[in-house]
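Asks: Be aware that the sequence shown starts at 1, since it is given in UniProt numbering, and climbs by one per residue. This is the structure, below, for whatever I ask next.
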Amino acid sequence: MPGEGDEQESGERTHPATDEQPVKVSATRGTLSLVVAVMFGVLGGLGAFTFGYGEGASYLSNDPNACANCHIMQDQLNTWVKSSHHHVATCNDCHLPHDPIGKWITKMDNGFFHSLAFTTGDFHEPIQIKPRNAEVTQQACLYCHSKLVNHMLPTKDGDQTARCVHCHQSVGHAQR
């Protein structure tokens, strides 16, 4: 018995309250599903290729050589090898927050924007640290050296702390 929204033999659906023209639902749904599947496939394939070509898995490690995957970072790796911190700290120790959530958020943020900059060629040479990352580095200095510098830290809100790298520029990266 024909009822509301019944499908006819042709796969068409009729509108229950009117005698409007039937609409092909299954063909439209199938086409849309195919388009969505192809889009996800293309995006997934591009992502997998980029991750493989860009040695993406290396960025999940603590290996300083991962930071030199981009040619612009080779000088930073070379100067780190000559620095006083070479035997006690890796790139992640100084350039990522020490809490796990902050670490991975910063890694994702930097990874995306570094990839974008290097892909488009829109970066300064020599590379320059961004203000947010300079703050991460400052906090990393204080994380490891707080007992040594605790008496120099501001005691009131609004007081300014001198940046560690202002006086100690070559500690993490020796002079070139």
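By construction, the Cβ of each residue, glycine as well, lies at the ideal position given by its N, Cα and C atoms. Every value quoted in this text rests on a predicted model; they were computed, and no experiment measured them.
How about the stretch 88-101 and the stretch 61-71: do they share at least three Cβ pairs that are nearer than 8 Å?
Replies: yes
Asks: Going by C-alpha distance, which of Y143, A68, G41, T28 is nearest F118?
Replies: A68
Asks: Are the CB atoms of V149 and P97 within a distance shorter than 7 Å?
Replies: no
Asks: Could you tell me if Q76 is buried or exposed, where buried requires 16 or more neighbouring beta carbons within 10 angstroms of its beta carbon?
Replies: The residue in question, Q76, is buried, as its Cβ has 16 or more Cβ neighbours within 10 Å.
Asks: Taking only the alpha-carbon atoms, compute the straight-line gap between T50 and M108 and give it to the nearest angstrom.
Replies: 15 Å
Asks: Look at the Cβ atom of H87, then the Cβ atom of G172, and state whether they are nearer than 7 Å.
Replies: no
Asks: Where do the N-terminal and C-terminal ends of the alpha helix (DSSP H) with G111 fall, by residue?
Replies: For G111, the enclosing alpha helix (DSSP H) has its first and last residue at 100-120.
Asks: Anyone know if the C-beta pair for C164 and C141 falls short of 7 Å?
Replies: yes
Asks: Rounded to whole angstroms, what is the Cα-Cα separation between H124 and G52?
Replies: Whole-angstrom Cα-Cα distance: 26 Å.
Asks: Should T114 go down as buried or exposed, given a rule of 16 or more other Cβ atoms within 10 Å for buried?
Replies: One detail in the question is off: residue 114 reads as His in this sequence, not Thr. Buried: at least 16 other Cβ atoms inside 10 Å.
Asks: Roughly how many angstroms separate the alpha carbons of V36 and G45, rounded to a whole number?
Replies: Their Cα atoms are separated by approximately 14 Å.
Asks: Hey, how far is the Cα of S83 from the Cα of L34?
Replies: 55 Å
Asks: Distance, Cα to Cα, I101 vs L43?
Replies: 26 Å
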